[in-house]
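Okay, so the sequence shown: first residue is 1 according to the UniProt record's numbering, each after it adds one. Ideal placement from N, C-alpha and C gives every residue a C-beta, glycine not left out. Worksheet for the structure shown next.
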Amino acid sequence: MEEGGEENHNQNGRGSAKAKPRSKALCERTTARAKETDPPTMSSDQTSQSTVPPLHSPKSPVWPIFPFNREGSRICERGSHLFRDLPSPLPTKRTRTYSATARASAGPIYKGVCKQFSRSQGHGFIIPENGTEDIFVHVSDIEGEYVPVEGDEVTYKICPIPPKNQKFQAVEVVLTHLAPHTKHETWSGQIIGS
Numbered sequence: 001m002e003e004g005g006e007e008n009h010n011q012n013g014r015g016s017a018k019a020k021p022r023s024k025a026l027c028e029r030t031t032a033r034a035k036e037t038d039p040p041t042m043s044s045d046q047t048s049q050s051t052v053p054p055l056h057s058p059k060s061p062v063w064p065i066f067p068f069n070r071e072g073s074r075i076c077e078r079g080s081h082l083f084r085d086l087p088s089p090l091p092t093k094r095t096r097t098y099s100a101t102a103r104a105s106a107g108p109i110y111k112g113v114c115k116q117f118s119r120s121q122g123h124g125f126i127i128p129e130n131g132t133e134d135i136f137v138h139v140s141d142i143e144g145e146y147v148p149v150e151g152d153e154v155t156y157k158i159c160p161i162p163p164k165n166q167k168f169q170a171v172e173v174v175l176t177h178l179a180p181h182t183k184h185e186t187w188s189g190q191i192i193g194s
């Protein structure tokens, strides 16, 4: 019996000299068990002996190489262009700065031929008339009522692709001559035979 003639009882009805409330005792037992099973903590002298090498990222991106091409997918190769050659994020007419738009509008007009264009992906490439590297074109930069197809003759202006401004994209693209003997689609979905 403790002071005052009261005896503390645990859940089984047994008395104890130093009974603690159930939640406090349970908490202490759980903590004691955790200390027994936890791995030892590192002291300051152990951290300097760490054998885990530091993490680092590669200096250049690593691109997976797929053993096959799938038509209609982003890994499909068309010509010499893979999806990974595209800028990210894709520069659109809406995201272009005012100054870049003004510089492009003031620039010369170039001629070329549509190499390929995917309406579903929203981009394609133009083969420049002067034979230089193919030019990227985004759907937002195509003017007129027809969706470009391979062989369509176009005029365009160029704008550098940020952030490095080393490559260019076609802007203000106008179809000047539709490829003969091909079906063309309008942006509203009508099919026109030529």
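- Taking all protein chains in view, the Cβ of Ile192 is surrounded by fewer than 16 other Cβ atoms within 10 Å, so the residue is classified as exposed.
- For the pair Leu178 and Ile161, the Cα-to-Cα distance works out to about 27 Å.
- Contact between Ala104 and Ile158 holds, with the beta-carbon distance rounding to 7 Å and staying under 8 Å.
- Ala179: not part of any alpha helix (DSSP H); DSSP gives it neither H nor E.
- Within a 10 Å sphere around the beta-carbon of Ala170 sit 16 or more other beta-carbons, which makes this residue buried.
- The alpha-carbon of Leu175 is positioned some 22 Å away from that of Lys167.
- Straight through space, the alpha carbons of Gly144 and Glu133 are spaced by roughly 25 Å.
- Beta-bridge pairing by DSSP links Gly124 to Phe117 and Val137.
- The DSSP-derived three-state label of Thr101 is helix.
- The beta carbons of Gly122 and Val139 sit closer together than 8 Å.
- Taking C-beta separations shorter than 7 Å and ignoring five residues to either side along the sequence, the partners of Val149 in its chain run Cys114, Phe117, Ala179, Thr182 and His184, following chain order.
- By DSSP's assignment, Ala170 forms a beta bridge with Val137 and Ile158.
- Taking the Cα of Val147 as reference, the smallest distance to any Cα among Arg94, Gln190 and Gly131 is reached at Gln190.
- When the Cα atoms are used, Ile127 and Ile109 turn out to be separated by approximately 14 Å.
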